[in-house]
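Since the structure comes first, as structure tokens, the remarks are kept for the end.
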Amino acid sequence: MTETILSVQGLEKHFPVTKGLFKTQVGAVKAVDGISFDVRKGETLGLVGESGCGKTTTGRLITRLIEPTGGQITFQGHDITHMKQGKLRPLRRDMQMIFQDPYSSLNPRHTVGAIVGAPFRIQGIETEHGTKKAVQEILELVGLNPEHYNRYPHEFSGGQRQRIGIARTLALKPKLIIADEPVSALDVSIQAQVVNLLEDLQNELDLTYVVIAHDLSVVRHISDRVAVMYLGKIVEVAERKDLYASPMHPYTNALLSAVPIPDTRQREGRERIRLTGDVPSPLNPPPACRFHTRCWKAQEVCKTTEPPLAELAPGHAVACHFPENAPAKTEAPATVA
Amino acid sequence: MTFLQLKDLKIHFPTDDGLVKSVDGLSFDLERGKTLGIVGESGSGKSVTSLGILGLHKGGRAKISGEVWLDGEELVSASPEHVRSLRGKKMSMIFQDPLSAMHPYYTVGDQIIEAYRIHNKVSKKVAKKHAIDMLGRVGIPQPDRRVDSYPHEFSGGMRQRAMIAMSLSCDPELLIADEPTTALDVTVQAQILDLMRDLQRDFNAALIIITHDLGVVAELSDDILVMYGGKCIEYGAADDIFERPEHPYTWGLLGSMPRLDREVTERLLPIKGTPPSLINVPSGCAFHPRCAFEPRNGGKGRTLVPDLVETEGGHLVRCHLSREERRDIWATEIKPKLES
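Chains as they are written, first to last, in my numbering: chain A, 158 to 494; chain B, 76 to 415.
Take a look at the structure:
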């Protein structure tokens, strides 16, 4: 059993909705509403879902960029749920974040050297040959020219900027990296470069990733395990192979069948599940199973009782009253490749 | 007679930094009832092409040359007033981001009615009924109520449906969709692609779909045009492009995409480098600095622009490698890696 580096239990984030002059609270957006998962050392956990499902909020909660409403986050054995900034700072060294937009996440007035060197400055770390040398080594590691130390972000293309963001993340040799849509703002040919870079760095530096993305094919390529979110809840979590080969939750099934395949031969004859409507507002999510309004298998029980996230096969948990591909109770778990 | 025909269309923008050749000699044909997918990365000139066909660069600083023939009429030399009278009626456009394409102060219904009444001499009442019909056809529930909603009251998917209703309201014969599903979630994208496929069958319009997503073009297109640096680098039937691609850039695009229908590969096969800036397009073949096979043609790519030549049955490729070399590389070096 590999060591658990990050453990999340019943994590919640409710954003208050206020009204009027006195800002009385009239409701709450339940962006993340009780999710639990573990991240093992050295693995990549993919977090997928459509917009508004709470995946980005989850990433920001784990890194404590926003304050959780409830639940518990344990990182390397420390409970960091409500830890004070001062005590959190030394831990931040081991936990870094890659942001989606390489245009807004880099300060345009700072040079690459200042951006990538900032973590050293903030953490007060002295390196053997000075910060400049350390920064240049990292730039080289992510495939940038170390001589570009004094350039500004606008002199770089989107893909190169994302590399600068990755370099900054790696500066202090973190153990866990939360990557929020690391490639979605990039062109197709550049996406592949960055995905390969992330994989190489993981092998070289023994990193653990939580990759947040909406693109199911990218997540499949990069992850060892995948968690699917819908309206603030995890509806299914499994090993990559199991999730894509035999998805149990109807929503996962629908998501997978909605991805367009770049192959004209598969245009006909592919089984399609078409969900109707949009994701409901998290301000007023449907009661009980949140997916029942769009689910073709929904029955009365789905509107009254919330299905728990239950492990139906080893390592494969799903929150559904009527799961698909579920093994019969006595049978060995299905592992269709 | 071909319904839509582009002949050597060039759209250049003079800027302080130099001449930006956004579209540099583009030619293709499109018949009614057919769908052409234009694929390319950002800055390849795909959106400028679509705006150029609609005549939306006229009167600006753009230098436009070449010919655009739509149903027997030449549009580049036509007066802006005439092109304007065609826009919305004969040809119309679905934009990427419906929230910024619609006016926030007017109801969705008003915006459809306005366009409809410009091209049809009908009363407001008749036009409103037509707007409700259109909203119903694109799958908006309770269209008689939603017609009085403002764009912000619609969700992303509904807004894109309303946008489609708006562009179809005058029964256009040419419909251009510029990244119609890029801003949408994957389940909603699937709904919109289904809708566009059904509507095209009903309306028998010619459809141009512009996207960077090879999955989306594979779903809809009959023909595919791959653009790079303002030029067409490969053109052919969708089956040819996906099963027998011949340009190294197309190979690169296919190798860059992780795919759900294949086993997980160890590594993606990206294209090195970055897309060129259109101010400073590389000399010779615009793709040569990123091309893995450039050394095999003896450095010709650095100085000479390759011609767009037919390799077989309407499949055009712009590459210095010979047909035999390309087919050999695809069969022995690229295809096995993609399917491993």
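Glycine included, C-beta positions come from ideal geometry on N, C-alpha and C.
The structure presented is a predicted model; accordingly, all values stated were derived computationally and were not measured.
Compute the beta-carbon to beta-carbon distance between A/C459 and A/H406, rounded to the nearest angstrom, for a pair I have assumed lies under 8 Å.
Residue 459 of chain A sits at position 302 when you count from the first residue of the first sequence. Residue 406 of chain A sits at position 249 when you count from the first residue of the first sequence. So it is not a contact: roughly 12 Å between Cβ atoms.
What is the rounded straight-line gap between the Cα of B/V197 and the Cα of B/G130?
One-based indexing of the second sequence puts residue 197 of chain B at position 122. One-based indexing of the second sequence puts residue 130 of chain B at position 55. Their Cα atoms are separated by approximately 27 Å.
Can you pull the DSSP bridge partners for B/S167?
The residue given as residue 167 of chain B occupies position 92 in the second sequence. In DSSP, B/S167 forms a bridge with B/L250.
Note down, in chain order, each residue of its chain lying with its Cβ closer than 6 Å to the Cβ of A/D399, except the 5 sequence neighbours on either side.
One-based indexing of the first sequence puts residue 399 of chain A at position 242. Excluding residues within five positions, the ones whose Cβ falls inside 6 Å are H473.
Which residue wins for smallest C-alpha separation from A/N410, given the options A/I418, A/Q423 and A/E428?
In the first sequence, counting from the first residue as 1, residue 410 of chain A sits at position 253. Restricting attention to A/I418, A/Q423 and A/E428, the CA atom closest to the CA of A/N410 is found in A/E428.
Three-state secondary structure (DSSP) at A/G434?
Position 277 of the first sequence, counted from the first residue, corresponds to residue 434 of chain A. Here A/G434 sits in coil by DSSP.
Rounded to a whole number of angstroms, what is the C-alpha to C-alpha distance between A/A455 and A/D420?
Within the first sequence, residue 455 of chain A is the residue found at index 298, counting from 1. Within the first sequence, residue 420 of chain A is the residue found at index 263, counting from 1. Near 32 Å, if we compare the C-alpha coordinates of A/D420 and A/A455.
Can you tell me whether DSSP reads A/E160 as helix, strand or coil?
Locating residue 160 of chain A in the first sequence gives position 3, where the first residue counts as 1. Here A/E160 sits in coil by DSSP.
Taking B/L150 as the reference, give the member of B/T262, B/F78, B/S119 and B/V213 with the closest Cα.
Mapped onto the second sequence, residue 150 of chain B falls at position 75. The candidate whose alpha carbon is nearest that of B/L150 is B/F78.
With distances taken between CB atoms, is the gap from B/A116 to B/H390 smaller than 8 Å?
Counting from 1 along the second sequence, the entry for residue 116 of chain B is found at position 41. Counting from 1 along the second sequence, the entry for residue 390 of chain B is found at position 315. The sequence shown places Glu at residue 116 of chain B, not Ala. Their beta carbons are not under 8 Å apart, which means B/E116 does not touch B/H390 by this criterion.
Please confirm if B/S175 has its CB atom under 8 Å from at least one CB of chain A.
Against the second sequence, residue 175 of chain B aligns to sequence position 100. False, the Cβ-Cβ gap to chain A never drops below 8 Å.
Pick from B/W405, B/P179 and B/I193: whose alpha carbon is nearest that of B/L161?
Residue 161 of chain B sits at position 86 when you count from the first residue of the second sequence. Checking every option, the nearest Cα to that of B/L161 belongs to B/I193.
Indicate the three-state DSSP secondary structure (helix, strand or coil) for A/A474 in the structure shown.
As a first step, residue 474 of chain A must be located in the first sequence, where it is residue number 317. Of the three classes helix, strand and coil, the one that applies to A/A474 here is strand, per DSSP.
Give the C-beta separation of B/K133 and B/P155 to the nearest angstrom, bearing in mind that I take them to be a contact with Cβ-Cβ under 8 Å.
The residue you call residue 133 of chain B lines up with position 58 of the second sequence. The residue you call residue 155 of chain B lines up with position 80 of the second sequence. Confirmed, Cβ separation roughly 5 Å.
Strictly under 8 Å for the Cβ-Cβ distance: is A/V269 near chain B by that measure?
Stepping through the first sequence from its first residue, residue 269 of chain A is reached at position 112. A/V269 does not count as touching chain B.
Going along chain B in order, which residues have a C-beta closer than 7 Å to the C-beta of A/T432?
Numbered from its first residue, the first sequence carries residue 432 of chain A at position 275. Reading off the sequence shown, one finds Leu at residue 432 of chain A, where the question assumed Thr. By Cβ distance, chain B contributes T262.
Quick one: is B/S198 near chain A, going by C-beta distance under 8 Å?
Counted from its first residue, the second sequence places residue 198 of chain B at position 123. Not an interface residue.
Report the three-state DSSP secondary structure of A/T409 (helix, strand or coil).
On the first sequence, position 252 is the one that residue 409 of chain A refers to. Here A/T409 sits in helix by DSSP.
Hey, how far is the Cα of B/A206 from the Cα of A/P480?
As a working mapping, residue 206 of chain B is identified with position 131 in the second sequence. As a working mapping, residue 480 of chain A is identified with position 323 in the first sequence. Taken atom to atom, the span from the alpha-carbon of B/A206 to that of A/P480 is near 42 Å.
When burial is assigned at 16 or more other CB atoms within 10 Å of the CB, is B/Y191 buried or exposed?
On the second sequence, position 116 is the one that residue 191 of chain B refers to. By the 10 Å Cβ count, B/Y191 comes out buried.
When DSSP builds the beta bridges, which residues end up paired with A/V394?
Residue mapping note: residue 394 of chain A aligns to position 237 of the first sequence, counting from 1. Answer is A/A384 and A/A474, bridged to A/V394.
What number of angstroms, rounded off, separates the C-alpha of A/E207 from the C-alpha of A/G434?
Looking up residue 207 of chain A in the first sequence gives position 50. Looking up residue 434 of chain A in the first sequence gives position 277. Going from the Cα of A/E207 to the Cα of A/G434 covers about 13 Å.
Got a sec: is the Cβ-Cβ distance from B/I139 to anything in chain A below 8 Å?
As a working mapping, residue 139 of chain B is identified with position 64 in the second sequence. It does not; no Cβ of chain A falls within 8 Å.
Specify the secondary structure class of A/E457 as computed by DSSP and reduced to three states.
Position 300 of the first sequence holds residue 457 of chain A. The answer is helix: DSSP assigns A/E457 an H, G or I state.
What is the DSSP secondary structure of A/H371, reduced to helix, strand or coil?
Within the first sequence, the letter at position 214 stands for residue 371 of chain A. In the structure shown, A/H371 sits in coil (DSSP, three-state: anything other than H, G, I, E or B).
How about B/L101 and B/L126: are their beta carbons less than 8 Å apart?
As a working mapping, residue 101 of chain B is identified with position 26 in the second sequence. As a working mapping, residue 126 of chain B is identified with position 51 in the second sequence. No, these two residues do not count as a Cβ contact at 8 Å.
Kindly provide the ranges of any alpha helix (DSSP H) runs that are 4 or more residues long and lie completely inside the segment 350-406 of chain B, ordered along the chain.
398-404
Is any heavy atom in the ligand GTP found nearer than 7 Å to the beta carbon of B/H390?
Absence of the ligand GTP from the depicted structure is noted, as is the absence of any ligand whatsoever, leaving it without description.
Determine which residues share a DSSP beta bridge with B/T286 and list them.
Start at 1 with the first residue of the second sequence, and residue 286 of chain B comes out as number 211. Bridge partners of B/T286: B/V114.
Roughly how many whole angstroms lie between the Cα atoms of A/T226 and A/K244?
Reading the first sequence from its first residue, position 69 is the one you call residue 226 of chain A. Reading the first sequence from its first residue, position 87 is the one you call residue 244 of chain A. Cα to Cα, the separation comes out at about 20 Å.
For B/F170, count the other beta carbons within 10 Å of its own beta carbon; 16 or more makes it buried, fewer makes it exposed. Which is it?
Against the second sequence, residue 170 of chain B aligns to sequence position 95. With 16 or more other Cβ atoms within 10 Å, it is buried.
Classify A/A349: buried if its beta carbon has 16 or more other beta carbons within 10 angstroms, exposed otherwise.
Within the first sequence, residue 349 of chain A is the residue found at index 192, counting from 1. Buried is the call here.
In whole angstroms, give me the CA-to-CA distance for B/S422 and A/I295.
One cannot answer for residue 422 of chain B here, as it falls past the ends of chain B, which runs 76 to 415.
Select from the segment 333-359 of chain A all residues with a C-beta closer than 8 Å to any C-beta belonging to chain B, and list them in chain order.
D344, V345, S346, I347, Q348, A349, Q350, V352, N353 and E356
Please classify A/E224: does DSSP put it in a helix, a strand, or coil?
Walking along the first sequence from the start, residue 224 of chain A turns up at place 67. The answer is coil: DSSP assigns A/E224 none of H, G, I, E or B.
According to the Cβ coordinates, are B/P333 and A/V375 closer than 8 Å?
Position 258 of the second sequence, counting from 1, holds the residue named residue 333 of chain B. Position 218 of the first sequence, counting from 1, holds the residue named residue 375 of chain A. The answer is yes: Cβ separation under 8 Å.
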